[in-house]
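Enquirer: Before I ask anything, here is the structure I am working with.
Numbering (this note's numbering), first residue to last: 463 to 590.
Structure follows, in structure tokens:
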């Protein structure tokens, strides 16, 4: 099996995933998964497509991720791994699609408007 390269995005985070046959090592920005994503929910998000497709220990995954916060990065990695699992076996699409793991979340931060404090919040009006 050759190396499969896929990209996942969420908010401003971009993850590039390289999947190769191996023993289940996940390396993110040259760090181990547990060192990069320290909380259990984020580790679960990253491993979710592998667990659902029963490929938990079958592939070595190398990830380069940048931008955004840790939650956006974890979800970007999840999307990229899901796309890679679909390329490994077309049957995986049938299990990942109903879970919503193949859909890119389109929500982005709304821009700040001039004359306002934030995107929707206005400056406080004082009547003196």
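Cβ coordinates follow ideal geometry from the N, Cα and C atoms, glycine included.
Comparing C-alpha positions only, which one of 475, 482, 526 and 543 sits nearest to residue 506?
Expert: Per the Cα distances, 543.
Enquirer: Could you have a look at residue 575 and say whether DSSP puts it in helix, strand or coil?
Expert: If DSSP states are grouped into helix, strand and coil, residue 575 belongs with coil.
Enquirer: Go ahead and pull the three-state DSSP assignment for residue 534.
Expert: Residue 534: helix per DSSP, three-state reduction.
Enquirer: What are the start and end residues of the beta strand (DSSP E) that includes residue 468?
Expert: That run of the beta strand (DSSP E) goes 466 to 472.
Enquirer: Following the continuous alpha helix (DSSP H) through residue 500, name the residue where it begins and the one where it ends.
Expert: Here residue 500 belongs to no alpha helix (DSSP H), and DSSP marks it neither H nor E.
Enquirer: Can you have a look at residue 561 and say buried or exposed, based on whether 16 or more other CB atoms are within 10 angstroms of its CB?
Expert: Residue 561 is exposed by the Cβ-count criterion.
Enquirer: What separation, rounded to the nearest whole angstrom, lies between the Cα atoms of residue 521 and residue 464?
Expert: Whole-angstrom Cα-Cα distance: 11 Å.
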